[in-house]
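Protein chains in written order, with this note's numbering: chain A, 527 to 767; chain B, 7 to 377; chain C, 16 to 304; chain D, 110 to 444.
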Amino acid sequence: MGMGLSVRNIDAGYGKLQILFNVSFTVPERKITVIVGPNGSGKSTMLKTIFGLTTIYKGEILFEGRNIAGMAPHKIAKLGIAYVPQTDNVFGKLTVRENLKMAAYGMDESIVADRIEEVTSMFPILSERMKQRADTLSGGERQMLAIAIALVRRPKLMLFDEPTAALAPKIALEILDAIQRLRDEHKITIILVEQNAKRALEIGDKGVLLVGGKVAFEGGARDLLEHPDLARMYLGLMAGE
Amino acid sequence: MGLPSIGIFLTPELWFWVAVYAIVSLSLNLEAGITGIPNFGKHLAVIMGAIVGAALPGYLGVHILPEEAKQAIIEAAGKGSLPSYASSYNSMISTYITNYYASHPAVSFAMFALTIITAAVVGAIVGLLASYPAARLKEDYLAITLLAAAEATLIISYNAPALGGTQGLTVPNTLTWLDSLTSRIVGRNMAHQVSSLIVAAVVAATILWYLERLVRSPMGRLLKGVRENEAAAQALGKNTAAIKLRTLMMGSALASIAGSIFIMATLGWIATTYNRVSWTFWAWAMMILGGMGNNRGVLLGTFILASIRQLITYYKDAIRPYLPFDPVWLDQLVLGSLLVVVLMLRPEGIFAEKTTYPLPRKMLEDKAAAR
Amino acid sequence: MNAAKRWLVWKPSWTRLKCCALALGGGRWGRGVGGEPADIILATESLTKSFGGLVAVDGVSLEVRRGSLTLLIGPNGSGKTTLLNVVSGFYKPDYGRVLYEGRDVTGWPPYKLYGIGMVRTFQVPQPFYKLTVLENVLLASRNHPGEYFRAPLAKSSWLRREEELVDRAFEILRLVGLAHLWDHPAGLLSGGQMKLLEIARALMSGAKLMLMDEPIAGVNPTLAHEILRFITRLKEEKGITFFIIEHRLDIAMKYVDYVYAMARGRLIAKGKPEEVVSNPLVIDSYLGG
Amino acid sequence: MVSLVYLFNSLLYANTIVMLSVGLTLTYLTTRVPNFAHGSLATVGAYMMFTVAAVVMKESLVSGNISMPLVLGFVLAFLGGAFAGLMEYLIVLRPLKRRGTGSLGLMISTLGVDIFMVGLLNIYADILRGMRPATGVSRDWWLRSYVLSKVAGIPVGVWVSFGVMIGCLTLLYMLLTRTRFGIAMRASIENPQLAQVLGVNVDLVNMASWIIAGGLAGLAGALMAFVVRINPVTGSDEVVAIFAASIVGGLQSLLGGVVGGYIVGLSSTLGTKWLGDLVGVDLAAYKRAVPLIFIIIVLLVAPQGLMGVDWSRLRRRIIGGRSVREERLTVPHAR
């Protein structure tokens, strides 16, 4: 199965509070896998679990054939996985340039400038804001910076946690556009957690529906979008299983 | 070294230390162990109590002296008027007052009672004032504020002319009413030591009795609730800032009583005695070693550490040859490492905190089983 | 006699009275069903709260009828919990008012709100960790005569009350199914049990209005039904009002009287449960459009 | 009128408080522990300097000669303080944090460290006294004589003090803004989780902060030896002043530490002197009460410290405009 990621029988949570129950799914290489589900179903927890930010009680997470369950986050980052959290995903007190430099932490000095050049060319608005503090950016710009930060290391796999939350619809579309470009032009494997299920599934290749910390559906994004009970499950009118 | 070390446990001195420290560490346990207030300025209340104990029997005593005693002092001082209690004639004035107290046991007892009560009131007020600015803020701020208040008070009282400044004061003996009784039993030499011990022990026992009942009352439960989760306590209608202030007032009043008793026993005031190492950090170590939140544990911790301290003081010279350094520093090394080691190895202390219900457990078990 | 009083006495016309009632009752005059004034226990008026640049609650005005079970739904980040935090006094609003029984309680601290009968639970349970389950519940009791420093000296003044409260606490613990764990430290409970404990405490408080943040999230369906049935019983028998944030509508639906839906800090729908969940705006807010 | 000597002494004192307060704030920001042993880290530095004085300088050194030994003394002071700080973190705080010790326990452990360090310093002071009988029986040291000669009318000590202080703060500023590790430090302070996600080893950053804070404290201790007689508890006694400076600065920014350090340092020396002259009483003995007054005023008026005050908002408020409501400080824990 090569470069993709596969989650196997994961039980995870925070301390004693278990959120995920025996979750298994696979993430195909160079595709967008969308994780959807109602409030509190464990979507964000799933991403954090992949990145080693939760307590894993059981199960494995295979990346490039290697079990990364239980590894320290800063080590996972070095394997070529990047994570864009939903909130607090940029350093507000640092300038845009410092944010990008920060993202290149531990990389060879000689290529840092090129990489920063590379990512800012993807988001030209950022190059105009290089000396500004990140907390002066607008919501959309901030989200772009967050993605740019994650891109500096040229990750193979990117995890996005609700990147369009609290953004104006037009900006949200721009962000989803950018994510599509990452797949198409940069051949990056993507896991996207979205509250905005419709739009996310429209750009996605694969869909995973989490309900109550369990996988309720795994399959093509289209199939999930056309699933007759999706709306009802989303509104919490039907519990998983 | 074996046999004489047992001798220490027969001296009233050790037990006096245990009793006085028990008052302080138990009051700290009320604040920090039970309510979770990081009082790093415990010595503040002790200083205030000592100030009351040093000033009241002297300043008030001068006024109630009979005319002939006053005249005698004026003559001896060679001045036209009665010199101040804190003047250079302090020790002479104190002797006169002590003699007067010795011949009037009722006055002596009244002065003793008044001193203790005043110390408690002053302690409560100072506890309120010192914690008010930070009671609503994070515990770090409260800890720093209390420490700062205590240190500032120490410096001010060390320099205050009314307290004899850096020279300190000789304090008249307000325990003469008890000394006259004890001297008949243990002899004149030991009398004051023994009566100090009795007073300290009675007060400590009373406080222990009160605090033991407190943790077995709904109030104890409330205080633990404030410690465990402030947000939850507020949501359940508890004014946590006010509760913390009241607890600090109570804790400070008790520690202040300890300070006044200490002065009554030592009969000498010098501010530097009431430093943070002696009266705050040792008390913390006693509480942590014994078990935070457990009064009996704290009592045991107090006994152990007071004994160790006393042993080090007594056998300084005996252990000197075996140590590569001066044994006077052993105190600090023991205290410092103890605080850290206990936190690492047994954070709950010797006796962990126990659940204490106001109602008998048997009754609760029955109620739980009933359907 | 001050100016306002004189003004009242001087011209006691119907309009004046209505104005006064508006001022006192927060504009709830004459909106009732069948000609009677509606009994609104909680109302918010243009409540607004922002953090930095983000407006978390944006001009929310809603009403909770006395004796109802009113639900607040909305997708993640729609501002539900922030609204609850503002109403329950944990945050101060930037703008707007909170009215409780017609009284302006905007910005009151939580313990004062508790005093007038408003109590809340937390989404993430907030137990007193080292205290036992029974102690946790007992701490919620109102005006306990033993919660003073004089208590140890006057045991007789509170002992009987304590016993009554213990009985009541056990009754509630049995109800939520925690009675067998009464002597357990609350910090050792499982997540679901902590949730139950949170509810037990709220019940113990004897509040008139309970604000609950996701009371049945993380609780198994059978138990969730039991809790909701119990809440309904309390509502009917004791007349307690419940204002609940919840997303598990499958279970909650049939117990609910009225639903508000929020998205992006604003109210987007209100009405009977069936109306609200079939409202395309609400479905869109969940699924995205 | 304040004499020139008094003015210089005050400035020297304020400089040391600034350096201490910056270090204290730094470790508070990274590790979230108020370090009650911070003052003793300074004493460690001072004794490193004394070691050089005792072993290398002897009496033969011409006073005022800023020579290699003095530089060596500063280097050792930095290293000594840094080592002590790092050990405090590695041996005490990190294990306790991993064990899940609460903030109360962590605070107490730093008290324990402080007393332990004072004990060790006392023992070392005895050894040092044996090495240099010239100071006689006194255990108090100072290096005033080394820095009394004047350059451009100002004592060498003042030049050195400002040189070291400005040099250190500039280096720290450069580190934090110009190097990637420094940026990583600032990032970890703001959002440790995100920094971790981006590949930063946050524990390493914490260790670095303790090294820097300890080193700065060590240098401050060495500088303090130019103005006051130092004994093993001198630094420990300054802990209230250091905290006051940090609290005045808001405990949130290093710049706040600098501003707070000068406000507290100068007002407790120059301020008490000036006020004393005004009312005709010598208030110098009460200078240690000044930090308390600052703590109380700041906590009552602006608990976020000077750097936390929204000055423009305050101005609007004073000039007029809509009232600003403050945030309650008790908020239920998120997540």
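Backbone N, C-alpha and C define an ideal beta-carbon position, used for all residues, glycine too.
Tell me the rounded alpha-carbon separation between residue i and residue j.
i               : j               : result
A28 of chain B  : G221 of chain D : 20 Å
V562 of chain A : T581 of chain A : 22 Å
I717 of chain A : G92 of chain C  : 21 Å
V153 of chain D : T286 of chain D : 29 Å
A92 of chain D  : R253 of chain D : With chain D represented from 110 up to 444, any question about residue 92 of chain D goes unanswered, as that position is not in the structure.
G47 of chain B  : A232 of chain C : 44 Å
A598 of chain A : L202 of chain D : 21 Å
V48 of chain C  : P564 of chain A : Its pLDDT being 36, under 50, V48 of chain C is placed unreliably in this model, and the value from its coordinates should be taken loosely. Cα to Cα, V48 of chain C sits roughly 36 Å from P564 of chain A.
G596 of chain A : R208 of chain D : 19 Å
D372 of chain B : R135 of chain C : 31 Å
A123 of chain D : S377 of chain D : 9 Å
L341 of chain B : I232 of chain D : 15 Å
H600 of chain A : L702 of chain A : 27 Å
N45 of chain B  : V297 of chain C : 52 Å
G359 of chain D : G365 of chain D : 6 Å
D185 of chain B : A207 of chain B : 15 Å
A92 of chain B  : L169 of chain B : 6 Å
I79 of chain B  : Y106 of chain B : 13 Å
Between residue i and chain D, is the shortest Cβ-Cβ distance under 9 Å, so that the two count as touching?
i               : result
D323 of chain B : no
M350 of chain B : yes
L71 of chain B  : no
Please list, in chain order, the chain F residues whose beta carbon lies closer than 8 Å to that of residue i.
i               : result
P178 of chain D : Protein chains in the displayed structure are A, B, C and D, and chain F is not among them.
For chain A, is any of its Cβ atoms less than 9 Å away from the one on residue i?
i               : result
L307 of chain D : yes
V311 of chain D : yes
L230 of chain D : no
A304 of chain D : yes
With distances taken between CB atoms, is the gap from residue i to residue j smaller than 9 Å?
i               : j               : result
E37 of chain B  : T253 of chain B : yes
Y270 of chain C : G286 of chain C : no
L289 of chain B : A25 of chain B  : According to the sequence displayed, residue 289 of chain B carries Ala and not Leu. No.
G578 of chain A : I602 of chain A : yes
V777 of chain A : R668 of chain A : Outside the modelled stretch of chain A, which goes from 527 to 767, sits residue 777 of chain A, for which no answer is possible.
Y129 of chain C : S65 of chain C  : no
M759 of chain A : V741 of chain A : no
G274 of chain B : V177 of chain B : yes
Looking at the C-beta of residue i, does it have a partner C-beta in chain C at a distance below 9 Å?
i               : result
G565 of chain A : With the sequence shown as reference, residue 565 of chain A is identified as Asn, and Gly is not the correct amino acid for it. Yes, its Cβ sits closer than 9 Å to a Cβ of chain C.
L370 of chain B : yes
Y138 of chain B : no
K144 of chain B : no
L135 of chain B : no
R194 of chain B : no
P364 of chain B : yes
A374 of chain B : yes
Measure from the C-beta of residue i to each C-beta in chain B and report whether the shortest distance is under 9 Å.
i               : result
R216 of chain C : yes
F137 of chain C : yes
P200 of chain C : yes
V181 of chain C : yes
Report the residues of the region 610 to 640 of chain A with a CB closer than 7 Å to any CB of chain C, ordered along the chain. Hits within the stretch: zero.
Relative to chain A, which residues along the region 273 to 301 of chain D have a C-beta separation below 7 Å, given in chain order? Residues of the region 273 to 301 of chain D with a Cβ closer than 7 Å to any Cβ of chain A, in chain order: R289, I292, A293, R295, A296, E299 and N300.
Got a sec: which bits of the region 226 to 255 of chain B sit with their beta carbon under 7 Å from any beta carbon on chain C, in order along the chain? Against chain C - using a Cβ distance shorter than 7 Å - the residues of the region 226 to 255 of chain B are R227, L228, K230, G231, E234, N235, A237, A238, Q240, A241, L242, G243, K244, N245 and R252.
Compile a chain-ordered list of the residues in the region 653 to 672 of chain A whose CB is closer than 7 Å to at least one CB of chain C. The residues in question: there are none.
Just list the alpha helix (DSSP H) runs in the region 328 to 372 of chain B, keeping only unbroken ones of 4 residues or longer that don't cross its boundaries, in chain order. Whole alpha helix (DSSP H) segments, 4+ residues: 336 to 351.
Please name the residues in the region 211 to 222 of chain B whose beta-carbon is closer than 7 Å to at least one beta-carbon of chain C, in chain order. Against chain C - using a Cβ distance shorter than 7 Å - the residues of the region 211 to 222 of chain B are Y216, R219 and L220.
Could you give the uninterrupted runs of the alpha helix (DSSP H) lying entirely in the region 673 to 715 of chain A, keeping only those of 4 residues or more? Unbroken alpha helix (DSSP H) runs of no fewer than 4 residues, entirely contained in the region 673 to 715 of chain A, are found at 695 to 712, following chain order.
Can you list, in chain order, the stretches of the beta strand (DSSP E) that have 3 or more residues and sit fully within the region 613 to 678 of chain A? You should have found no qualifying run.
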